[in-house]
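Note that the working numbering gives residue 112 to position 112 of the sequence shown, counting from 1, and the numbers run on in steps of one. Accompanying notes for the structure given below.
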Amino acid sequence: MSTTDSWMTRPFAEILGAFHRGKPLPAAVGASIFSGAIGCSLGAKAARVSKGNPTRSPEGEGIHSICAEAETKLARLSQSLIPIESEDGKAVKRILHFLHRYEAGDRSVAVLDGLDEALKEGIRTPFSVLLLLRDALEVMAGFVDVCDHNLISDLATGAHLCMAAGEGLYLVIQSNSQLLRDRAHADGALEELSQILPDLRASTKKIHDTAMAILQS
């Protein structure tokens with residue numbers, strides 16, 4: 001399995017086996033996408049069960065509407081993550097190509113500029129995933145108060161998977177930004193990153209705290 005192979009649709013056991021055998025797999029962004037997609041799917045499952053059947057009471061209709069909308073959004077977000085994995089594989093391949101040339105002593109303008117452009121793509125891709133994860137966590141936090149108590153652990157697990165993905169993407173962006181010669185671009189990326197991550201953490205905390213209160217009641 002190469003870094004440009006699409007592995008999101010492969011059997012889960014095959015993916016785990018590849019990790020165990022140490023075979024090449026997509027880098028941190030690909031793994032974060034995988035985690036985020038599972039998290040969104042768990043959230044969609046919780047919303048689907050929670051919406052139940054619409055009742056004639058205003059409260060029942062309201063819950064059904066909230067959860068139905070959440071299910072649709074989370075399913076769509078999960079599917080939106082999948083194509084980005086192949087983009088990341090290409091970005092990683094380009095970064096490694098120029099890094100190998102640089103480390104071999106090639107300091108030509110073509111290599112330096114090529115590496116910077118590849119790193120910028122290596123920042124843009126995880127940012128696009130981060131924005132989708134932020135949306136997903138906001139959706140989950142939006143219906144956690146009406147989530148079926150039997151599915152609250154599924155919802156919380158999904159949220160934590162999305163948050164873990166976000167933390168991994170944070171490290172990727174930090175790493176690629178440090179290598180950039182274009183410091184203005186790097187500083188801008190880090191500034192934007194500092195604004196996104198707190199949103200993810202706040203949504204995750206709300207979901208986690210609500211789930212714990214329910215499970216301990």
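Virtual Cβ for every residue (Gly too), placed ideally from N, Cα, C. All values reported here derive from a predicted model rather than from experimental measurement.
**OP:** For Ser122, count neighbouring C-beta atoms within 10 Å of its own C-beta (all shown protein chains included) and say buried if the count is 16 or more, exposed if not.
**Re:** Note that residue 122 corresponds to Gly in the displayed sequence, not to Ser. Classification for Gly122: buried.
**OP:** State the start and end residues of the unbroken alpha helix (DSSP H) segment that holds Gly122.
**Re:** Val109 to Phe143
Original post:
Looking at the structure shown, is Gly52 part of a helix, part of a strand, or coil, going by DSSP?
Top reply: coil
**OP:** For Asp148, name the three-state secondary structure that DSSP assigns.
**Re:** Residue state, collapsed to three classes: coil.
Subject >> Residues near Leu179 by beta carbon distance below 7 Å, same chain, minus five either side >> reply: Leu119
Subject >> Span of the alpha helix (DSSP H) around Arg181 >> reply: Neither: Arg181 is in no alpha helix (DSSP H) and is coded neither H nor E.
Original post:
In whole angstroms, what separates the C-alpha of Ala159 from that of Ser203?
Top reply: 8 Å
Original post:
Taking the Cβ atom as the reference point for each residue, do Ala136 and Cys162 lie within a distance shorter than 8 Å?
Top reply: yes
Subject >> Short Cβ contact (8 Å threshold) for Ala211 with Ser35 >> reply: no
Original post:
Among residues of its own chain, excluding the 5 on either side of Glu71, which ones have a beta-carbon nearer than 7 Å to its beta-carbon?
Top reply: Ala44, Ala47, Arg48 and Lys51
Subject >> Three CB pairs or more closer than 8 Å across the segment 169–178 and the segment 189–209 >> reply: They touch, by the three-pair rule.
**OP:** Could you tell me which of Gly60, Leu42 and Leu193 sits nearest to Val146, measuring between CA atoms?
**Re:** Gly60
Original post:
Using the beta-carbon count (16 or more within 10 Å), is Pro198 buried or exposed?
Top reply: Exposed, since its Cβ has fewer than 16 Cβ neighbours within 10 Å.
**OP:** Assign Glu85 to buried or exposed, taking buried as 16 or more other Cβ atoms, counted over all protein chains shown, within 10 Å of its Cβ.
**Re:** buried
Original post:
Are Ile173 and Leu200 touching if we call contact CB-CB under 8 Å?
Top reply: Not in contact: Ile173 and Leu200 (Cβ atoms no closer than 8 Å).
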